[in-house]
Amino acid sequence: MIKLKGISASGGIAIGKAHFIGKEEFSIPKRDVPYSDISLEIYKLEEALINTRKELINLQEKVAQELGLTHAKIFEAHLLVLEDRVLIENIIEQIKVKRVNVEYAFSESIKRYKEALLKLNDEYLRERAIDIDDIAKRVLRKLLKVSSNISEIKEKVIIVAHDLSPSLAASLPKENILGIVTDIGGITSHTAIIARSLKIPALVGVETATKEIKPSDMLIIDTLEGVVLVNPSEKIIKEYEAKLKDYIEKTLSFYIPKFAKTITKDKKEFIISANIEFPEELELVEKYRAEGIGLYRTEYLFLGRKDLPSEDEQYKAYFLASKIAKEHSVVIRTIDIGGDKFLDQKDTPNEMRPFLGWRGIRFCLSRTDIFKIQLRAILRASCNLNIKIMFPMISGVEELRAAKKILEECKEELRKENKKFDENIPVGTMIEVPSAALTADILAKESDFFSIGTNDLIQYSLAVDRANEKVAYLFDFGHPAVLRLIKNVIDIAHQNHIWVGMCGEMAGEPIYSFLLLGFGLDEFSMPPPRVPQIRHLIRNISFKDAQQISEEALKYSNSKDLELYLKTEIRKRIKEFDLISAFL
Numbered sequence: 004m005i006k007l008k009g010i011s012a013s014g015g016i017a018i019g020k021a022h023f024i025g026k027e028e029f030s031i032p033k034r035d036v037p038y039s040d041i042s043l044e045i046y047k048l049e050e051a052l053i054n055t056r057k058e059l060i061n062l063q064e065k066v067a068q069e070l071g072l073t074h075a076k077i078f079e080a081h082l083l084v085l086e087d088r089v090l091i092e093n094i095i096e097q098i099k100v101k102r103v104n105v106e107y108a109f110s111e112s113i114k115r116y117k118e119a120l121l122k123l124n125d126e127y128l129r130e131r132a133i134d135i136d137d138i139a140k141r142v143l144r145k146l147l148k149v150s151s152n153i154s155e156i157k158e159k160v161i162i163v164a165h166d167l168s169p170s171l172a173a174s175l176p177k178e179n180i181l182g183i184v185t186d187i188g189g190i191t192s193h194t195a196i197i198a199r200s201l202k203i204p205a206l207v208g209v210e211t212a213t214k215e216i217k218p219s220d221m222l223i224i225d226t227l228e229g230v231v232l233v234n235p236s237e238k239i240i241k242e243y244e245a246k247l248k249d250y251i252e253k254t255l256s257f258y259i260p261k262f263a264k265t266i267t268k269d270k271k272e273f274i275i276s277a278n279i280e281f282p283e284e285l286e287l288v289e290k291y292r293a294e295g296i297g298l299y300r301t302e303y304l305f306l307g308r309k310d311l312p313s314e315d316e317q318y319k320a321y322f323l324a325s326k327i328a329k330e331h332s333v334v335i336r337t338i339d340i341g342g343d344k345f346l347d348q349k350d351t352p353n354e355m356r357p358f359l360g361w362r363g364i365r366f367c368l369s370r371t372d373i374f375k376i377q378l379r380a381i382l383r384a385s386c387n388l389n390i391k392i393m394f395p396m397i398s399g400v401e402e403l404r405a406a407k408k409i410l411e412e413c414k415e416e417l418r419k420e421n422k423k424f425d426e427n428i429p430v431g432t433m434i435e436v437p438s439a440a441l442t443a444d445i446l447a448k449e450s451d452f453f454s455i456g457t458n459d460l461i462q463y464s465l466a467v468d469r470a471n472e473k474v475a476y477l478f479d480f481g482h483p484a485v486l487r488l489i490k491n492v493i494d495i496a497h498q499n500h501i502w503v504g505m506c507g508e509m510a511g512e513p514i515y516s517f518l519l520l521g522f523g524l525d526e527f528s529m530p531p532p533r534v535p536q537i538r539h540l541i542r543n544i545s546f547k548d549a550q551q552i553s554e555e556a557l558k559y560s561n562s563k564d565l566e567l568y569l570k571t572e573i574r575k576r577i578k579e580f581d582l583i584s585a586f587l
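Just remember that our numbering sits 3 ahead of the position in the sequence shown, which is counted from 1.
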């Protein structure tokens with residue numbers, strides 16, 4: 004038996020045979036093509052490009068539904084390669100001038116295209132070279148008329164790969180995937196996020212996985228220990244089968260009775276709510292016992308379509324969320340277009356740094372025609388008195404005031420039309436820009452609540468693009484600057500008698516949810532599957548203990564030591580903590 008160490012990316016135990024993907028090697032023949040067949044070779048190229056484009060668009064839609072819009076965005080780069088006229092004309096020129104077959108011409112052109120990108124000084128363009136490999140394989144499969152090795156997966160297996168892109172993940176038959184093992188990747192890599200979204204046990208950063216493991220080897224993934232066992236004995240397999248059964252039973256025990264509240268051992272109440280990206284996820288609010296919707300993303304209504312959603316279409320979507328939440332609240336974030344999400348190509352500004360550009364509230368204030376329709380729809384849906392409005396990417400009080408002024412205009416319009424709405428609908432500010440965190444005292448006087456968006460707050464505070472794997476390691480929940488900003492925002496909110504929630508990934512991380520509890524965060528909003536474990540954790544600790552530990556935590560200068568301290572303290576209080584954290 005071989006034991007390989009890795010990073011636990013998505014919790015669980017998996018037992019099954021290894022199946023390799025992403026290691027396809029194509030034999031590209033070079034043939035002389037008679038002049039009379041040149042048009043046929045060009046036709047083959049055009050047909051392959053069209054079919055590959057259709058395949059990618061279908062995958063993009065599938066990824067958007069299963070994994071969210073952020074992951075689906077990666078296909079934009081793939082589609083751009085297929086539309087690159089310089090590349091296509093170069094392939095056609097090779098066919099015509101050198102009179103070679105299309106497969107060879109395509110392969111050679113792609114090779115030079117990739118080499119040229121790698122030589123550029125532009126980091127973004129160099130990274131596009133990574134997309135070339137995936138797109139080249141797809142087109143070559145069409146030209147050579149061969150199927151992907153993904154199509155060979157007919158039984159339950161553990162995927163072994165050097166890396167797993169959203170493109171590959173979207174193609175996998177999810178019902179047959181027991182687990183994932185990759186050579187590279189970290190806790191914030193695409194593979195890790197995808198695996199967590201799909202609730203598939205995954206170990207990344209194993210380094211020698213594709214060298215040490217052979218196709219059809221029996222594997223055991225144990226994310227609690229951070230290991231993959233290769234060809235274990237029957238005795239060990241039986242031990243792990245028992246562990247897996249025990250895990251399933253304990254996971255079910257995390258579910259709290261339907262109408263129970265999230266109250267600590269010393270009777271302090273907190274709200275654990277769900278982040279929702281698509282209407283199909285609304286049923287998960289009740290399934291996982293979430294106490295409302297802490298972040299209702301509205302971008303799905305606007306993206307991937309040629310026309311804008313009408314007021315009535317939006318009203319129905321928001322009213323449905325309000326109805327499903329019942330007595331709990333629904334925090335609707337106004338459209339957060341920009342950064343990595345755009346309405347369509349013609350609306351996309353040519354920005355060098357889109358995450359620092361025309362996005363969030365900046366987009367809304369410049370496109371008041373779109374903004375007002377959305378605000379009217381939200382107001383009309385607020386009759387159940389459980390909807391709250393939240394403005395994203397606020398960097399200063401003037402933006403907040405401008406947005407509230409437009410909201411008041413919409414209210415006045417609806418009054419004149421005799422349309423009902425919640426006159427006192429709460430208005431909140433997303434704290435995701437350092438300037439907002441540092442001026443929280445000013446913003447609090449104009450807000451009914453705050454919601455901290457840690458994903459962007461960390462990205463902007465630490466100057467790190469977490470989608471860039473070269474610097475993703477710098478994306479750090481436990482960085483002292485991040486913790487101080489968060490604690491400051493919570494304290495100021497309470498001093499101004501408003502509640503504060505958090506809708507970033509940090510809220511659903513067990514050790515940090517314990518820390519945030521001590522800071523006094525009022526609401527934790529997270530992906531629905533994480534709700535039962537976090538509710539269970541909070542119900543089994545005391546607020547007083549969490550406060551004392553969080554005060555001590557602020558003295559640490561780095562996250563490594565901080566996390567070790569937090570884990571030690573939590574383990575003293577919750578015996579199943581390792582189970583909770585390992586299987587999220």
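We put the beta carbon where it would ideally sit given N, CA and C, even for glycine.
Task: Pick from 215, 567, 207 and 222 that is closest to residue 159, judged by C-alpha positions - done: Stepping through the sequence shown from its first residue, residue 159 is reached at position 156. Nearest C-alpha to residue 159: 222.
Open item on the list: Suppose the cutoff is 6 Å on Cβ atoms and the five residues either side in sequence are ignored; what does the same chain contact list for residue 348 look like?
Closed with: The count along the sequence shown starts at 1 and reaches residue 348 at position 345. Low local confidence applies: a pLDDT of 43 at residue 348 is under 50, so the model's placement there is unreliable, and no value is given.
Open item on the list: Between which two residues does the beta strand (DSSP E) holding residue 291 run?
Closed with: On the sequence shown, residue 291 is found 288 positions in, with the first residue counted as 1. Careful: residue 291 lies outside any beta strand (DSSP E) and carries neither H nor E.
Task: Contacting residues, own chain, Cβ-Cβ under 6 Å from residue 588 (five flanking each side not counted) - done: There is simply no residue 588 to check, as the chain begins at 4 and stops at 587 in what is shown.
- [ ] Starting from residue 106, follow the alpha helix (DSSP H) in both directions and report where the run begins and ends.
- [x] If you number the sequence shown from 1, residue 106 lands on position 103. It spans 105-122 - the alpha helix (DSSP H) in which residue 106 sits, taken as one unbroken run.
TODO: Output yes or no for whether 7 Å exceeds the beta carbon distance between residue 396 and residue 457.
DONE: The sequence position of residue 396 within the sequence shown is 393, counting from 1. The sequence position of residue 457 within the sequence shown is 454, counting from 1. No, these two residues do not count as a Cβ contact at 7 Å.
Open item on the list: If contacts are defined as beta-carbon pairs under 8 Å, then residue 337 and residue 376 qualify, I think. What distance do you get, rounded to the angstrom?
Closed with: For this step, residue 337 is matched to residue 334 along the sequence shown. For this step, residue 376 is matched to residue 373 along the sequence shown. 11 Å between Cβ atoms; not a contact.
- [ ] Look at the alpha carbon of residue 394 and the alpha carbon of residue 364, and state the distance between them as a whole number of angstroms.
- [x] What you label residue 394 is simply residue 391 of the sequence shown in a count that begins at 1. What you label residue 364 is simply residue 361 of the sequence shown in a count that begins at 1. Approximately 6 Å between the Cα atoms of the pair.
TODO: Taking only the alpha-carbon atoms, compute the straight-line gap between residue 482 and residue 313 and give it to the nearest angstrom.
DONE: Stepping through the sequence shown from its first residue, residue 482 is reached at position 479. Stepping through the sequence shown from its first residue, residue 313 is reached at position 310. Rounded to whole angstroms, residue 482 to residue 313 spans 43 Å at the Cα level.
Task: Rounded Cβ spacing between residue 446 and residue 432 (contact assumed at less than 8 Å) - done: The residue you call residue 446 lines up with position 443 of the sequence shown. The residue you call residue 432 lines up with position 429 of the sequence shown. Yes, residue 446 and residue 432 are in contact; Cβ-Cβ is about 5 Å, under 8 Å.
Task: Neighbourhood of residue 506 by C-beta distance below 7 Å, restricted to the same chain and skipping five residues each side - done: Working through the sequence shown from its first residue, we reach residue 506 at position 503. Around residue 506: 278, 297, 298, 454, 456 and 528.
Task: Limits of the alpha helix (DSSP H) - the one that residue 213 falls within - done: Position 210 of the sequence shown, counted from the start, is the residue given in the question as residue 213. Per DSSP, residue 213 belongs to the alpha helix (DSSP H) from 212-215.
Open item on the list: Assuming residue 457 is part of the alpha helix (DSSP H), what are its boundary residues?
Closed with: Numbered from its first residue, the sequence shown carries residue 457 at position 454. Start and end: 457-464.
TODO: Closer than 6 Å by C-beta to residue 56: which residues in its own chain qualify, once you throw out the five before and the five after it? Chain order, please.
DONE: Residue mapping note: residue 56 aligns to position 53 of the sequence shown, counting from 1. Once the five neighbours on either side are set aside, the close Cβ partners of residue 56 are 85.
Task: CB contact flag (residue 75, residue 195, <7 Å) - done: Against the sequence shown, residue 75 aligns to sequence position 72. Against the sequence shown, residue 195 aligns to sequence position 192. Cβ distance not < 7 Å, so residue 75 and residue 195 don't count as in contact.
- [ ] For residue 238, I'd like the list of residues in its chain whose CB is within less than 6 Å of its CB, leaving aside the five on either flank, ordered along the chain.
- [x] The sequence position of residue 238 within the sequence shown is 235, counting from 1. Counting only Cβ-Cβ distances below 6 Å, and skipping sequence neighbours, we find nothing.
Open item on the list: Buried or exposed for residue 484, going by 16 or more other Cβ atoms inside 10 Å?
Closed with: Within the sequence shown, numbered from 1, the residue matching residue 484 stands at position 481. With fewer than 16 other Cβ atoms within 10 Å, it is exposed.
TODO: Could you check which residue in 88, 52 and 101 has the C-alpha nearest to that of residue 40?
DONE: Here residue 40 refers to the residue found at position 37 of the sequence shown. Comparing alpha carbon positions, the residue from 88, 52 and 101 closest to residue 40 is 101.
Open item on the list: Just to check my reading of the structure: residue 340 and residue 362 have Cβ atoms closer than 8 Å, yes? What is that Cβ distance to the nearest angstrom?
Closed with: Mapped onto the sequence shown, residue 340 falls at position 337. Mapped onto the sequence shown, residue 362 falls at position 359. Contact holds; Cβ gap of about 7 Å.
Open item on the list: Which same chain residues end up closer than 7 Å to residue 590 when comparing Cβ atoms and leaving out the 5 residues on each side of it in sequence?
Closed with: Within the shown structure, residues of the chain are numbered from 4 to 587, placing residue 590 beyond reach of any answer.
Task: Burial state of residue 15, where buried means 16 or more other Cβ atoms lie within 10 Å - done: On the sequence shown, residue 15 is found 12 positions in, with the first residue counted as 1. The residue is buried, with at least 16 neighbouring Cβ atoms inside 10 Å.
Task: Spatially closest choice to residue 190 from 78, 45, 479 and 137, by CA coordinates - done: The residue you call residue 190 lines up with position 187 of the sequence shown. Among 78, 45, 479 and 137, the Cα nearest to that of residue 190 is on 479.
Task: Nearest candidate by alpha-carbon position, reference residue 590, set 156, 206 and 450 - done: Nothing can be reported for residue 590, as the shown portion of the chain is limited to 4 through 587.
- [ ] State the DSSP-derived secondary structure class of residue 275, mapped to helix, strand or coil.
- [x] Stepping through the sequence shown from its first residue, residue 275 is reached at position 272. Strand at residue 275.
Task: Buried versus exposed, by CB contacts within 10 Å (16 or more), residue 402 - done: Taking the first residue of the sequence shown as 1, we reach residue 402 at position 399. Residue burial annotation: residue 402 is buried, with at least 16 other C-beta atoms found within 10 angstroms of its C-beta.
Task: Nearest-angstrom Cβ-Cβ length linking residue 303 and residue 281, presumed shorter than 8 Å - done: Residue mapping note: residue 303 aligns to position 300 of the sequence shown, counting from 1. Residue mapping note: residue 281 aligns to position 278 of the sequence shown, counting from 1. At roughly 5 Å, the Cβ-Cβ gap stays under 8 Å, so residue 303 and residue 281 are in contact.
Task: Residue(s) in a DSSP beta bridge with residue 334 - done: Counted from its first residue, the sequence shown places residue 334 at position 331. Residue pairing for residue 334: DSSP places it in a beta bridge opposite 391.
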